[in-house]
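What follows is a single structure, written as structure tokens, with notes after it.
Protein chains: 2
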Amino acid sequence: MSTISKENYLKTIYNLVCDNETAVSTSQLAAKLEISNAATSDMAKKLSDQGLIDYVKYKGMELTEEGEKIAIDVIRRHRLWELFLMKVLNLSWGEVHDEAENLEHFTSNFLIDKIEKHLGYPKFDPHGEPIPQKNGEIPEITDQISLTFAEVGREYKVMRVYDKSSELIDYFTKLGLLLYAELVIQDKLSFDNSILIGVNGKSHSLSSEVANKIFVSEIRN
Amino acid sequence: MSTISKENYLKTIYNLVCDNETAVSTSQLAAKLEISNAATSDMAKKLSDQGLIDYVKYKGMELTEEGEKIAIDVIRRHRLWELFLMKVLNLSWGEVHDEAENLEHFTSNFLIDKIEKHLGYPKFDPHGEPIPQKNGEIPEITDQISLTFAEVGREYKVMRVYDKSSELIDYFTKLGLLLYAELVIQDKLSFDNSILIGVNGKSHSLSSEVANKIFVSEIRN
DNA sequence: AAAATAATTTAAGCATACTTAAATATAAAG
DNA sequence: CTTTATATTTAAGTATGCTTAAATTATTTT
Ligand SMILES: [Mn+2]
Ligand SMILES: [Mn+2]
Ligand SMILES: [Mn+2]
Ligand SMILES: [Mn+2]
């Protein structure tokens, strides 16, 4: 019933709805999945017929309760695998996402429960994203702001990185900008909205595009 | 190029050729894969076109060097996963095979190398089957005989179990007939070729069909 | 050697999941 | 309000991997 393809559609719709806070368009979804609009439109009809999405032609789509349940389950498997690969098998921060992208579709509930237990029922994945629990509940994210809004002179801790592409993650790794790393805002340049940060005694400049992907919480001394 | 389906065909051909020590017929392969002869015949043509099997119509098929390389690689992934699931994630002896059956197709060489390293470069899987090394070499099996040929009064150690179905493995688990378990042959009944064995101070009768699946080596005191 | 039986292949068709090209609906400009 | 541009859907076609039924080849039996 729920193939690899469908799981990927549902997961992607879920993430896009979270971003948008509105229905997802065919072209948006197609772009994320890197397939044609035609294929996406086709699949929308099928998912709708199966009761997994609410779909209004030419308007957009949202997950039904049933569709969301599947999406959350795929995300659960993805994030647990990511953490497992890092903690147990010593994969690097930049390596886990691509591997998890495959494993998420071929892991039984039984096995994923074992993995969760082995990790001690963790709440967040290596990117700071919440790991859905077995019952579908999702741990809350609190007190996070985009690095773009951080203020000069204050100290922050990295709590989440939004982009999972290995290039960006490898770049952050090189800067020492790991999850839970501490940093200070040294300057904000208004003409290009870039930010100068200090990490581990070194200074780095981040463009506003990149800073937007990092979420931090303030450290109050 | 090498899809899940093709990997399963190649792996199954490999195992059947090992059993037969001759070319594999369409119907034999179809039976193992639980699909129609027609589908198998169809795929044989495709695998042959791709240079993965030598196939003579109406006669049978064997793996080419290239096909065997893929088959051995799938088997390597399968057996490493089985051992990993048992040792690291505490799955039971009867549970590992079915999970590995899926994971074997979605594990990069990179990841499987990490798993192999984590396990300390093991030579045998939980069923006593040899784990192919990265370079394609397969550890040798030595000094094993089928339990059918074991002699009354002598002691043996379980070295390999040929059937991986969870029903049979669960049955062996219940008897205490685990890998490396020690047993003594108490009697052999000639009228039905069944065997009476002692394991952990208890006696069990094994039919000849079942005894055939167990390979042992003698313990010399 | 011919006929009967069994194994195998070919043919036709279906489901999934894509593609490009054409048609159609919606949104934006004038 | 009509025209134009953009987004979306439908149509037609492809590849994979199955199915059942028909045709063909190989093997046994007589
Ligand atoms: Mn990820
Ligand atoms: Mn993640
Ligand atoms: Mn197995
Ligand atoms: Mn095994």
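Residue numbers (this note's numbering), protein chains in the order written: chain A, -12 to 208; chain B, -12 to 208.
By construction, the Cβ of each residue, glycine as well, lies at the ideal position given by its N, Cα and C atoms.
Ligand 2 heavy atom lying under 7 Å from the CB of residue i
i: residue 69 of chain A; result: yes
i: residue 66 of chain A; result: yes
i: residue 126 of chain A; result: no
i: residue 119 of chain B; result: no
i: residue 169 of chain B; result: no
i: residue 191 of chain A; result: no
Distance cut-off 7 Å: residue i Cβ against heavy atoms of ligand 1
i: residue 87 of chain A; result: yes
i: residue 84 of chain B; result: no
Three-way DSSP call (helix, strand, coil) for residue i in this model
i: residue 93 of chain A; result: coil
i: residue 42 of chain A; result: strand
i: residue 192 of chain B; result: strand
i: residue 146 of chain B; result: strand
i: residue 116 of chain A; result: coil
i: residue 173 of chain B; result: strand
i: residue 98 of chain A; result: helix
i: residue 210 of chain B; result: Past the edges of chain B, shown from -12 to 208, lies residue 210 of chain B, and the structure says nothing about it.
i: residue 178 of chain A; result: coil
i: residue 123 of chain B; result: coil
i: residue -12 of chain A; result: coil
i: residue 76 of chain A; result: coil
i: residue 205 of chain A; result: strand
i: residue 8 of chain B; result: coil
i: residue 54 of chain B; result: helix
i: residue 186 of chain B; result: strand
i: residue 132 of chain B; result: strand
i: residue 88 of chain A; result: helix
i: residue 82 of chain B; result: coil
i: residue 21 of chain B; result: coil
i: residue 69 of chain A; result: helix
i: residue -6 of chain B; result: helix
i: residue 49 of chain A; result: strand
Check: residue i C-beta below 7 Å from any heavy atom of ligand 3
i: residue 151 of chain B; result: yes
i: residue 92 of chain B; result: no
i: residue 105 of chain B; result: no
Residue i vs residue j beta-carbon contact at 8 Å
i: residue 128 of chain A; j: residue 117 of chain A; result: yes
i: residue 49 of chain A; j: residue 40 of chain A; result: yes
i: residue 192 of chain A; j: residue 183 of chain A; result: yes
i: residue 34 of chain A; j: residue 27 of chain A; result: no
i: residue 76 of chain B; j: residue 151 of chain A; result: no
i: residue 67 of chain B; j: residue 103 of chain B; result: yes
i: residue 186 of chain B; j: residue 164 of chain B; result: yes
i: residue 16 of chain B; j: residue 3 of chain B; result: yes
i: residue 143 of chain A; j: residue 203 of chain A; result: yes
i: residue 252 of chain A; j: residue 47 of chain A; result: Absent from the structure is residue 252 of chain A, since the part of chain A shown begins at -12 and ends at 208.
i: residue 139 of chain A; j: residue 172 of chain A; result: yes
i: residue 22 of chain A; j: residue 92 of chain A; result: no
i: residue 206 of chain B; j: residue 154 of chain B; result: no
i: residue 25 of chain B; j: residue 42 of chain B; result: no
Through-space distance from residue j to residue i, alpha-carbon basis
i: residue 180 of chain A; j: residue 158 of chain A; result: 20 Å
i: residue 98 of chain A; j: residue 156 of chain A; result: 28 Å
i: residue 87 of chain B; j: residue 5 of chain A; result: 34 Å
i: residue 200 of chain A; j: residue 145 of chain A; result: 11 Å
i: residue 82 of chain B; j: residue 72 of chain B; result: 9 Å
i: residue 175 of chain A; j: residue -7 of chain B; result: 56 Å
i: residue 8 of chain A; j: residue 0 of chain A; result: 11 Å
i: residue 84 of chain A; j: residue 70 of chain A; result: 10 Å
i: residue 36 of chain A; j: residue 56 of chain B; result: 43 Å
i: residue 79 of chain A; j: residue 95 of chain A; result: 25 Å
i: residue 107 of chain B; j: residue 113 of chain B; result: 15 Å
i: residue 64 of chain A; j: residue 123 of chain A; result: 12 Å
i: residue 59 of chain B; j: residue 38 of chain B; result: 16 Å
i: residue 161 of chain B; j: residue 110 of chain A; result: 37 Å
i: residue 177 of chain A; j: residue 131 of chain A; result: 22 Å
i: residue 189 of chain B; j: residue -11 of chain A; result: 47 Å
i: residue 52 of chain B; j: residue 89 of chain A; result: 28 Å
heavy atom of ligand 4 below 7 Å from residue i C-beta
i: residue 60 of chain B; result: no
i: residue 112 of chain B; result: yes
i: residue 116 of chain B; result: yes
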